[in-house]
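Just below is one structure, and these are the notes that go with it.
Number of protein chains: 4
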Amino acid sequence: DQPLFLIAGPCVVESEQLALDSAGELKEICRTLAIPFVYKSSFDKANRSSHHSFRGPGLEAGLRILEQVRREIGVPVLTDVHEDTPLNEVAAVVDLLQTPAFLCRQTNFIQSVARQGLPVNIKKGQFLAPWDMVHVAEKARAVGNQRILVCERGVSFGYNNLVCDMRSLAALRQSGSPVVFDATHSVQLPGGQGTVSGGQREFIPVLARAAVAAGVCGVFMETHPRPDEALSDGPNSWPLARMRSLLEMLKEIDSGVKRRGLIELEPA
Amino acid sequence: DQPLFLIAGPCVVESEQLALDSAGELKEICRTLAIPFVYKSSFDKANRSSHHSFRGPGLEAGLRILEQVRREIGVPVLTDVHEDTPLNEVAAVVDLLQTPAFLCRQTNFIQSVARQGLPVNIKKGQFLAPWDMVHVAEKARAVGNQRILVCERGVSFGYNNLVCDMRSLAALRQSGSPVVFDATHSVQLPGGQGTVSGGQREFIPVLARAAVAAGVCGVFMETHPRPDEALSDGPNSWPLARMRSLLEMLKEIDSGVKRRGLIELEPA
Amino acid sequence: DQPLFLIAGPCVVESEQLALDSAGELKEICRTLAIPFVYKSSFDKANRSSHHSFRGPGLEAGLRILEQVRREIGVPVLTDVHEDTPLNEVAAVVDLLQTPAFLCRQTNFIQSVARQGLPVNIKKGQFLAPWDMVHVAEKARAVGNQRILVCERGVSFGYNNLVCDMRSLAALRQSGSPVVFDATHSVQLPGGQGTVSGGQREFIPVLARAAVAAGVCGVFMETHPRPDEALSDGPNSWPLARMRSLLEMLKEIDSGVKRRGLIELEPA
Amino acid sequence: DQPLFLIAGPCVVESEQLALDSAGELKEICRTLAIPFVYKSSFDKANRSSHHSFRGPGLEAGLRILEQVRREIGVPVLTDVHEDTPLNEVAAVVDLLQTPAFLCRQTNFIQSVARQGLPVNIKKGQFLAPWDMVHVAEKARAVGNQRILVCERGVSFGYNNLVCDMRSLAALRQSGSPVVFDATHSVQLPGGQGTVSGGQREFIPVLARAAVAAGVCGVFMETHPRPDEALSDGPNSWPLARMRSLLEMLKEIDSGVKRRGLIELEPA
Chain A
2 DQPLFLIAGP CVVESEQLAL DSAGELKEIC RTLAIPFVYK SSFDKANRSS
52 HHSFRGPGLE AGLRILEQVR REIGVPVLTD VHEDTPLNEV AAVVDLLQTP
102 AFLCRQTNFI QSVARQGLPV NIKKGQFLAP WDMVHVAEKA RAVGNQRILV
152 CERGVSFGYN NLVCDMRSLA ALRQSGSPVV FDATHSVQLP GGQGTVSGGQ
202 REFIPVLARA AVAAGVCGVF METHPRPDEA LSDGPNSWPL ARMRSLLEML
252 KEIDSGVKRR GLIELEPA
Chain B
2 DQPLFLIAGP CVVESEQLAL DSAGELKEIC RTLAIPFVYK SSFDKANRSS
52 HHSFRGPGLE AGLRILEQVR REIGVPVLTD VHEDTPLNEV AAVVDLLQTP
102 AFLCRQTNFI QSVARQGLPV NIKKGQFLAP WDMVHVAEKA RAVGNQRILV
152 CERGVSFGYN NLVCDMRSLA ALRQSGSPVV FDATHSVQLP GGQGTVSGGQ
202 REFIPVLARA AVAAGVCGVF METHPRPDEA LSDGPNSWPL ARMRSLLEML
252 KEIDSGVKRR GLIELEPA
Chain C
2 DQPLFLIAGP CVVESEQLAL DSAGELKEIC RTLAIPFVYK SSFDKANRSS
52 HHSFRGPGLE AGLRILEQVR REIGVPVLTD VHEDTPLNEV AAVVDLLQTP
102 AFLCRQTNFI QSVARQGLPV NIKKGQFLAP WDMVHVAEKA RAVGNQRILV
152 CERGVSFGYN NLVCDMRSLA ALRQSGSPVV FDATHSVQLP GGQGTVSGGQ
202 REFIPVLARA AVAAGVCGVF METHPRPDEA LSDGPNSWPL ARMRSLLEML
252 KEIDSGVKRR GLIELEPA
Chain D
2 DQPLFLIAGP CVVESEQLAL DSAGELKEIC RTLAIPFVYK SSFDKANRSS
52 HHSFRGPGLE AGLRILEQVR REIGVPVLTD VHEDTPLNEV AAVVDLLQTP
102 AFLCRQTNFI QSVARQGLPV NIKKGQFLAP WDMVHVAEKA RAVGNQRILV
152 CERGVSFGYN NLVCDMRSLA ALRQSGSPVV FDATHSVQLP GGQGTVSGGQ
202 REFIPVLARA AVAAGVCGVF METHPRPDEA LSDGPNSWPL ARMRSLLEML
252 KEIDSGVKRR GLIELEPA
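Line by line, the protein sequences give chains A, B, C and D.
Heads up: the first sequence begins at 2 in the numbering used here, then just goes up one per residue.
Heads up: the second sequence begins at 2 in the numbering used here, then just goes up one per residue.
Heads up: the third sequence begins at 2 in the numbering used here, then just goes up one per residue.
Heads up: the fourth sequence begins at 2 in the numbering used here, then just goes up one per residue.
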């Protein structure tokens with residue numbers, strides 16, 4: 002019943018300037034809308050379709066910039082970790098960790114991340130039924146971390162396409178963890194442009210509105226001042242300049258839905 | 002930009018009493034919420050999973066009761082027609098016609114129904130991509146009927162399951178026809194109980210909220226005072242006693258969304 | 002345990018000459034390979050994606066040519082019927098009837114076709130689980146026709162794509178009816194070229210070999226001397242000139258599989 | 002054009018006795034059928050649905066037994082490695098490495114495994130289109146290892162179900178790597194029994210026959226003398242006592258298909 006929060010930022014850390022500017026702008030938008038905000042950006046894209054694609058600044062440079070965002074802009078920071086990330090180095094810098102959808106079934110990995118003690122946003126695999134996330138969240142909590150979030154980002158639907166099943170957002174509540182909706186990876190077309198993934202940016206507001214009305218705790222969105230020039234996931238990034246109007250709408254839907262309560266949970 | 006309308010009623014005409022009572026109650030709820038209302042019920046379930054299931058009262062008795070609802074309750078009435086329905090007999094009684102999802106690609110059938118001159122709600126096939134409904138709507142309009150609605154009701158997702166792709170609601174607008182969301186067939190589990198279809202009634206509000214927030218002209222819902230005793234589609238019918246609270250919520254979401262406008266349609 | 006049979010021919014009746022020539026050539030190939038052969042062609046394509054596409058010569062001209070093939074070439078003939086076909090006129094001419102996949106759940110239609118007394122090849126809907134074909138075959142047999150065949154032709158897999166689940170061929174045996182595999186519609190990309198369906202002709206031999214090895218009674222294939230000029234379903238038609246080599250392969254697989262028996266049916 | 006090879010063994014190393022017995026029996030069957038054979042077993046099941054399930058004997062004990070199989074039975078041995086496996090310890094003992102489907106997009110992991118210099122069997126992700134395996138194989142070869150195999154094991158099809166697309170086996174050939182078909186994980190029902198995955202053992206022969214007829218270089222199968230008592234993946238393991246009859250059938254199909262050649266590859 003808490004108001005909607007936002008996790009947002011450029012997909013990958015492109016430069017110090019972009020990081021500080023986008024974090025500052027997002028912080029200001031969220032402040033005026035009373036939306037709790039977490040800045041997100043990746044230091045390494047560890048599972049690109051092709052090994053020729055840009056992977057990011059790497060651990061050291063990436064963490065340095067994220068630390069700077071945290072200190073200078075004054076916002077909590079999230080980043081995603083991978084199968085071979087030195088977890089303690091990352092955990093020393095950021096406020097939340099995130100695990101990739103492809104890795105949600107790797108028991109050791111999930112538990113190693115959870116052991117860092119930070120809140121963890123676990124993305125649901127594109128291959129996983131929503132009710133099977135109960136076991137994933139349990140694996141994470143079994144090492145003593147109760148601050149686990151579960152995140153829907155679309156499920157495989159034929160080839161090179163994902164579909165967002167809004168029933169999933171209700172089913173994921175059974176995991177006992179706050180549910181986050183990733184509105185930008187959900188419009189990804191995996192591998193849809195040959196050597197890179199495509200995306201349907203125009204559907205981001207449709208899915209974001211739908212998910213917030215379905216009832217979620219938070220929304221995750223990748224954003225960029227110039228999506229067409231983004232070094233990663235541009236096709237499914239939302240333009241920063243249009244973020245405020247989208248969030249205003251989501252905030253209003255969220256308020257109405259949470260004020261009235263989710264009637265599917267009431268006894269018949 | 003018109004406010005949300007509702008098409009609702011028990012799946013099949015079970016009795017005169019049920020028809021009049023449910024129509025009266027729905028009319029009253031919609032009046033207080035300023036939701037335009039169309040009563041829906043079927044005289045014949047022509048595509049049951051098994052030929053042992055209840056099919057309805059048949060054409061003559063069914064039309065007599067629908068005519069009575071129309072006259073005594075004073076609401077417009079919709080019913081669905083099938084491959085061998087005498088269309089002119091039905092069209093003489095009801096206000097809107099509806100075509101089944103399985104039949105959306107049958108050119109002669111769609112055009113014969115459209116030729117009756119009434120508004121037609123065309124359900125999208127469970128096998129059809131949303132952008133392919135453009136051709137279906139065009140077939141219908143080609144015989145001179147401009148009052149065509151297109152209706153999403155879920156798409157095949159593995160076996161005995163459907164998923165509602167909210168992107169579809171945006172894509173269907175390209176057909177040039179008002180978009181309706183069928184919130185109850187969308188939670189059907191086709192063939193999911195062996196000889197009959199199952200359903201996930203608990204997800205109806207989730208999907209209905211999501212679809213209205215995505216942006217639709219109308220919502221379609223099957224309802225029953227006692228869904229567990231319904232003679233058809235009970236598992237995916239919404240309890241009549243809980244219709245008001247659900248519609249209040251949908252009305253609020255719809256107002257907010259339409260007041261602000263669907264930002265995905267604005268120029269970047 | 003009967004040897005593999007073949008149902009084949011051009012998708013639609015294009016001309017008398019094409020019909021006689023292709024029937025003659027197919028008959029000769031099948032004779033030398035000892036493959037029982039049924040000629041297939043449609044007089045009307047009743048569910049084209051767009052109403053602008055070629056539909057065929059119509060009932061009268063189409064039946065005249067099919068009758069001619071039957072008489073002059075001396076092969077049994079199959080054609081498909083639709084929601085508004087005068088069934089008795091067609092049944093008076095051909096040897097087998099076929100029902101479209103989209104119509105497999107229409108109880109009245111399936112039973113009307115079965116009542117004609119001819120063998121009926123019922124195509125499984127793209128939206129149907131294989132075990133649900135039991136009910137469809139039962140509907141047909143309930144009117145007294147025991148000569149029912151069930152036919153797999155792919156199941157919806159995301160948008161504009163089908164996938165052939167080879168488990169289905171085993172599951173369909175539970176219907177008590179001979180199982181046919183449609184190797185050419187299975188490579189269709191429904192709606193995949195905008196206003197018409199596309200196809201992946203290159204995968205026809207892969208799927209045909211796989212299905213015959215999985216174990217089927219018959220194979221269905223659309224063929225054309227010049228697929229790129231075909232008036233319907235060219236992208237998923239197999240070139241007539243390459244039919245012999247494909248059938249030789251299928252015949253060999255079929256013989257081996259049926260000689261050894263399908264070991265999944267033996268008790269463990 | 003090489004004759005079919007087999008990768009087979011119990012899913013997990015349960016005991017020294019089971020390992021030696023099953024390896025010996027499989028070796029003998031394959032010798033009489035002239036099928037090149039690789040023994041497979043896992044020392045650690047790193048991605049079980051639930052963290053309560055049996056994971057295996059662990060690295061040290063597992064490798065000791067695999068080494069014993071290799072030496073005493075005289076067969077090459079394959080095992081799978083995970084995100085945190087000490088790769089050089091494993092590579093020092095086995096003949097081939099295998100990577101899990103969930104991890105196929107992790108660039109560092111795939112390249113670290115390939116750098117060990119052994120042949121690597123890369124399983125295709127349940128979320129991946131077959132043509133996107135080209136990039137995965139390229140990533141592996143980019144570190145200098147040319148002995149890469151690609152393996153189909155089913156693709157997500159709705160929830161808790163997989164489907165095997167036989168077109169994939171043809172499409173995977175474009176990766177330039179030998180194609181392996183995993184006939185037992187392909188009948189898995191992921192998460193299908195609540196806390197564990199289910200399986201449809203009865204469909205293993207259907208899919209294996211189909212895949213060999215479609216055309217593959219090798220088949221992968223998990224087997225167990227008493228599948229119902231297996232400590233992992235029992236529901237989708239093939240009974241060891243019935244392995245010979247299944248392989249006889251596959252050998253015959255493979256010989257026929259490879260003798261005639263895959264006609265889809267010939268010029269039209």
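Using N, Cα and C, we set each Cβ at its ideal position, and we do this for glycine too.
Under a criterion of Cβ atoms nearer than 9 Å, the residues of chain B adjacent to Asp85 (chain C) are, in order, Glu84, Asp85, Gln107, Asn109, Phe110, Ser113. Taking all protein chains shown into account, Ala211 (chain B) has 16 or more neighbouring C-beta atoms within 10 Å of its C-beta and is therefore buried. For Gln18 (chain C), the enclosing alpha helix (DSSP H) starts and ends at 17 to 34. Its chain contains Ile254, Val258 as the residues whose beta carbon lies nearer than 7 Å to that of Ala214 (chain D), once the 5 sequence neighbours on both sides are disregarded; these appear in chain order. For Phe110 (chain D), the enclosing alpha helix (DSSP H) has its first and last residue at 108 to 115. Using beta-carbon distances, Val164 (chain A) counts as an interface residue toward chain C, with a partner under 9 Å.
Using a Cβ-Cβ cut-off of 9 Å, Gly159 (chain C) counts as an interface residue toward chain A, since at least one Cβ of chain A sits closer than that to its own.
Residue pairing from DSSP places Glu223 (chain A) in a beta bridge opposite A:Gly10. DSSP places Pro179 (chain B) in the coil class of the three-state scheme, outside both helix and strand.
With three or more CB-CB distances shorter than 8 Å, the segment 92 to 104 of chain B counts as touching the segment 117 to 133 of chain B. Using a Cβ-Cβ cut-off of 7 Å, Thr196 (chain C) is close to His136 of chain B, given in chain order. For Asn122 (chain D), the uninterrupted beta strand (DSSP E) run begins and ends at 121 to 124, by DSSP.
Assignment of Asp81 (chain D) by DSSP, reduced to helix, strand and coil, places it in the strand class. Taking C-beta separations shorter than 8 Å and ignoring five residues to either side along the sequence, the partners of Ala24 (chain B) in its chain run Gly10, Tyr40, Val70, Ile74, Val76, following chain order. With a contact defined as Cβ atoms closer than 8 Å, Val164 (chain C) and Gly155 (chain C) qualify at about 6 Å.
Among the residues facing chain C, Arg154 (chain D) is not included, as its CB has no counterpart in that chain under 9 Å away. Nearest CB-CB separation between Asp81 (chain A) and chain D: not below the 9 Å threshold. Beta-carbon to beta-carbon, Leu248 (chain C) and Ile30 (chain C) are separated by about 6 Å, close enough to satisfy the 8 Å threshold.
Within the same chain, no residue comes within 7 Å of Gln194 (chain C) by CB-CB distance, once the 5 residues on both sides are set aside. The alpha-carbon of Ala141 (chain C) is positioned some 12 Å away from that of Leu98 (chain C).
The beta carbon of Val258 (chain D) falls within 9 Å of a beta carbon belonging to chain C, placing the residue at that interface. Rounded to whole angstroms, the separation of the alpha carbons of Lys125 (chain C) and Glu153 (chain C) is 6 Å. Around Thr108 (chain B), the same chain offers Lys140 as residues with beta carbons nearer than 7 Å, after the five sequence neighbours per side are excluded. Secondary structure of Lys259 (chain B) (DSSP, three-state): helix. The C-beta distance from Ile123 (chain A) to Val151 (chain A) rounds to 6 Å, short enough to meet the 8 Å contact threshold.
Using beta-carbon distances, Leu247 (chain A) counts as an interface residue toward chain B, with a partner under 9 Å.
Under the Cβ criterion of 9 Å, Gln201 (chain C) is counted among the residues facing chain D. Annotation: Cβ neighbours of Ala130 (chain A) in chain D (cutoff 7 Å, chain order): Tyr160, Asn161, Gly192. Rounded to the nearest angstrom, the gap between the Cα atoms of Gly177 (chain A) and Pro206 (chain B) is 20 Å.
For the segment 137 to 151 of chain C, the set of positions with a beta-carbon nearer than 8 Å to some beta-carbon of chain B reads Glu139, Lys140, Ala143 in chain order. The C-alpha of Arg260 (chain C) lies about 27 Å from the C-alpha of Pro120 (chain C). Within the segment 42 to 72 of chain B, the runs of alpha helix (DSSP H) at least 4 residues long that lie entirely inside it are, in chain order, 60 to 69.
Under DSSP, Thr100 (chain A) takes part in a beta bridge, and its partners are A:Ile123. By the criterion of a C-beta distance shorter than 6 Å, Pro228 (chain C) is surrounded in its chain by Gly235, Ser238, Pro240, once the five residues flanking it on both sides are discounted.
Neighbours of Arg261 (chain B) across chain A, judged by C-beta separation under 9 Å: Ser246, Glu249, Met250, Glu253. Around Asp133 (chain A), the beta-carbon contacts reaching into chain D at under 7 Å are Ser50, Gly192.
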